[in-house]
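Below is one structure, written out as structure tokens; comments come after it.
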Amino acid sequence: MTNLVTDTGVVFSRELRPVLRNPFSVVFSMVQPLIFLGLFAPLLPDELSLQWFVPGIVVMSCLFGTSMTGSNLLFEIQTGSHERMLVTPLRRPALLIGRALKEIVPVVVQAAVIVAICLPFGFELHLGGALLGLVILSVFCLGLGSLSYTLALAAKNQEWLFWTVQQTLLFPLLLLAGMLLPIEAGPGWLRALAQWNPLTYVVDAERALFNGDVWASTTVTGAIAAAVVGAGGLLVGTRAMQRST
Amino acid sequence: MIETHELTRHFKDVQAVRGINLTVAPGELVALLGPNGAGKSTTLRMLTTLIPPTSGTARVAGHDVVRGQREVRHRIGSIGQGNGAAHSQRGRDELISQGRAYGMKVADARRRAAELIDSLDLGEVADRTVSTLSGGQRRRLDIAMGLIHAPELLFLDEPSTGLDPQNRANLQRHIVELRERHGTTIVLTTHYLDEADAMAERVIVIDHGRIIADDTPARLKNEHVGDRIILGFEHETDAAAAASRVPHKSHRYGTELTITVPGAPRLVTGLLDDLRATGLSPADVEVKRATLDDVFLELTGRSLREGGAARPELVEV
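The listed protein sequences correspond, in order, to chains H and Y.
Counted from 1, the first sequence has number 101 at position 5 by our numbering; the numbering is strictly sequential.
Counted from 1, the second sequence has number 282 at position 267 by our numbering; the numbering is strictly sequential.
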């Protein structure tokens, strides 16, 4: 018999299959973070080390890839394969959760690629912290992916709407999280805005964890922020999928 | 297999489907025929559980489409207007995922996928990315996806739209074969008249969200239109004289006389001999078999073909 878990497994493995058939697609889709790594990192002032910058790029690659993932669903809505899946007995929540869970795979692979590239340039890997960091990031991704799918379900046949919203939100979220440059040096209003950005806490947690600082308070705040985004995203996304026709 | 009672669906202020009562017995091949926007697809979307009815009920494969949604989904296959297989996937992968979606074990899904790939002539393309397939190949793949769990009832929404005549014929052959081999009940929508005529034993004509006719194509044509003999005369007086001599229902339009009579091809020679005997020889003769378009024209005053062109005025005799 099927249940929500087996249904989610079916959707997850279906989503993952094209990635497994063509693993390099994961690397192709991380061009932007790699550009920032290659062309922005050398511009950093001396007091900001690679150790500070790399965790931000790991989060960035998650942000770029995962926020765009709704476009795959959007395309399937337009071609008809989403409708085909809606008529199967698959439980609606599984159609969302399975897809969102799959987002974790490229995020972990991309993090590994980024770290591997940076190791020869003096980046120091603290494996335990980094793994815990990836768990927190995965939870965040799950929520962000769900929100991206929600946006796709809302946009339906208006592709421009999806991309306008995604592009409009992407850079403010990224810059206000102190991903590229520290927020601490910014004016008060900007720091106040950053406080409301859940991504700020995730980035701070990743920085501490990738440095092996597991017991920092940022780990807890980062985990809470990721859990809030994860749970909120799944809730909103599942509702949107339930209503999808 | 299907039983609906006053099935109705409104979208905001549009009444897409207004009280459809429909019964389909197991093994039937039924075509829902009607112009774009008639309510065919909305009806199908309710029967396949995609949208709930605004009012009325429908039982499909033994279960209510609202309360027994999952049971209905398990028992039916549905092939929508679009492509069921995602363009980024391989055909065989999508078939196996589809089987898994219906709760099949991986090995069973794989075996069934191979079977369908074989019977729908997809062997050469099943392991290619769907985006590289031709329209006809994608449509056959869609059919295979709809059949993965060997449903007892199959819905097809505009199955051959966008295909060239050769691919359409090929697809129709597959659908007819499927029914002959497995006795699957099939409900399809189409706005191709020849398709409804050639495939279905029962045609349900839908217009403005209502069923306006429901019968075999042959009976629809005989009852609503009949065959016609069209005689062209030199003079209107001849045409009028012929009209009064002919023992069948006829219309005169200028010098043209249209006689409506079942079995026109058999009767035409006798009719002509009879007219010649009285010195009324038509200049030209045409025998027209009724088409479903004529039926639609007769029922609604609009043609299905030209997007609803009004029929020319006839002079009653």
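From the three backbone atoms N, C-alpha and C, an ideal C-beta is built for every residue, glycine too.
Test: residue i CB closer than 8 Å to a CB of chain Y
{"i": "H:Pro185", "result": "yes"}
{"i": "H:Thr317", "result": "no"}
{"i": "H:Thr162", "result": "no"}
{"i": "H:Leu182", "result": "yes"}
{"i": "H:Arg113", "result": "yes"}
{"i": "H:Thr98", "result": "yes"}
{"i": "H:Thr165", "result": "no"}
{"i": "H:Glu179", "result": "yes"}
Sequence-distant residues of the same chain with beta carbon closer than 6 Å to residue i, five excluded per side
{"i": "Y:Glu249", "result": "Ala298"}
{"i": "H:Arg189", "result": "Position check: residue 189 of chain H holds Pro in this sequence, whereas Arg was assumed. Cβ neighbours of H:Pro189 beyond the five flanking positions: Thr334."}
{"i": "H:Glu302", "result": "Pro151, Val155 and Gly229"}
{"i": "Y:Glu109", "result": "Ala100"}
{"i": "Y:Arg125", "result": "Ile111"}
{"i": "Y:Thr57", "result": "Arg24, Ala31 and Val32"}
{"i": "Y:Ile17", "result": "Val39 and Val75"}
{"i": "Y:Arg183", "result": "Ser175"}
{"i": "Y:Arg115", "result": "Ala124"}
{"i": "H:Val193", "result": "First, the residue type needs correcting, since residue 193 of chain H is Ile and not Val in the sequence shown. If we look at H:Ile193 and ignore the five residues flanking it on each side, its Cβ neighbours are Thr104."}
{"i": "H:Leu243", "result": "Gly329"}
{"i": "Y:Leu47", "result": "Lys55, Thr204, Ile219 and Ile221"}
Proximity test, Cβ basis, 8 Å: residue i and chain H
{"i": "Y:Met160", "result": "yes"}
{"i": "Y:Leu135", "result": "no"}
{"i": "Y:Arg127", "result": "no"}
{"i": "Y:Gly77", "result": "no"}
{"i": "Y:Val330", "result": "For Y:Val330, the pLDDT reaches just 43, beneath the cut-off of 50, and the residue's location in the model is therefore unreliable, although a value from the coordinates is still provided. Answer no: the Cβ-Cβ gap between Y:Val330 and chain H never drops below 8 Å."}
{"i": "Y:Thr64", "result": "yes"}
{"i": "Y:Ala324", "result": "Caution is warranted here: a pLDDT of 42 is assigned to Y:Ala324, below 50, making its placement in the model unreliable, and no coordinate value can be reported."}
{"i": "Y:Tyr117", "result": "yes"}
{"i": "Y:Asn98", "result": "yes"}
{"i": "Y:Ser93", "result": "yes"}
{"i": "Y:Pro327", "result": "With a pLDDT of 45 at Y:Pro327, under the threshold of 50, the predicted position of this residue should be treated as unreliable, though the coordinate-derived value follows. No, no contact with chain H."}
{"i": "Y:Asp108", "result": "yes"}
{"i": "Y:Ser103", "result": "yes"}
{"i": "Y:Ser149", "result": "no"}
{"i": "Y:Arg74", "result": "no"}
{"i": "Y:His89", "result": "yes"}
{"i": "Y:Arg85", "result": "yes"}
Residues near residue i by beta carbon distance below 8 Å, same chain, minus five either side
{"i": "H:Ala327", "result": "Gly239"}
{"i": "Y:Asp230", "result": "Arg217, Val218 and Glu238"}
{"i": "H:Pro114", "result": "Ser121"}
{"i": "Y:Met119", "result": "Arg127, Ile163 and His164"}
{"i": "H:Leu266", "result": "Leu159, Phe160 and Ser163"}
{"i": "H:Leu272", "result": "Ile279, Leu286, Leu289, Ala290, Asn293, Leu295 and Thr296"}
{"i": "Y:Tyr117", "result": "His89, Ile163 and His164"}
{"i": "Y:Leu186", "result": "Gly151, Arg154, Arg155, Ile158, Pro174, Ser175 and Leu178"}
Residue burial classification, residue i (beta-carbon count within 10 angstroms, cutoff 16)
{"i": "H:Asn118", "result": "exposed"}
{"i": "Y:Leu168", "result": "buried"}
{"i": "H:Ile131", "result": "exposed"}
{"i": "Y:Asn98", "result": "buried"}
{"i": "Y:Val261", "result": "buried"}
{"i": "Y:Arg24", "result": "buried"}
{"i": "Y:Ser112", "result": "buried"}
{"i": "Y:Val87", "result": "buried"}
{"i": "H:Leu330", "result": "buried"}
{"i": "H:Pro216", "result": "exposed"}
{"i": "Y:Thr19", "result": "buried"}
{"i": "H:Val123", "result": "exposed"}
{"i": "H:Gln338", "result": "exposed"}
Beta-carbon proximity list for residue i, same chain, < 7 Å, skipping 5 on both sides
{"i": "H:Pro294", "result": "Ala321, Val324 and Val325"}
{"i": "H:Lys252", "result": "Ile173"}
{"i": "Y:Val332", "result": "Legend: pLDDT at Y:Val332 = 40, less than 50; position of this residue unreliable, no value from coordinates given."}
{"i": "H:Ser222", "result": "For clarity, residue 222 of chain H is His in the given sequence; the question names Ser instead. So the qualifying residues of the chain are Phe306, Asn307 and Gly308."}
{"i": "H:Phe149", "result": "Ala137 and Leu140"}
CB contact flag (residue i, residue j, <8 Å)
{"i": "Y:Ala305", "j": "Y:Lys236", "result": "yes"}
{"i": "Y:Val140", "j": "Y:Gly177", "result": "no"}
{"i": "Y:Ala159", "j": "Y:Leu137", "result": "yes"}
{"i": "H:Ile153", "j": "H:Ile210", "result": "yes"}
{"i": "Y:Gly71", "j": "Y:Glu21", "result": "yes"}
{"i": "Y:Ala53", "j": "Y:Ile190", "result": "no"}
{"i": "H:Leu169", "j": "H:Arg187", "result": "no"}
{"i": "Y:Glu271", "j": "Y:Gly241", "result": "no"}
Chain-ordered neighbours of residue i on chain A, where CB pairs are closer than 7 Å
{"i": "Y:Ser112", "result": "Absence of chain A from the displayed structure is noted, the protein chains being H and Y."}
4 or more residues per run - each alpha helix (DSSP H) lying fully within the stretch 183 to 254 of chain Y: Listed in chain order, the alpha helix (DSSP H) runs fully inside the stretch 183 to 254 of chain Y are 208 to 214 and 232 to 239, counting runs of at least 4 residues.
Length at least 3, wholly inside the stretch 70 to 120 of chain Y: the beta strand (DSSP E) runs in chain order: 70 to 75 and 91 to 94
Completely contained alpha helix (DSSP H) runs for the stretch 199 to 287 of chain H, where each covers 4 or more residues: 200 to 214, 223 to 251 and 255 to 272
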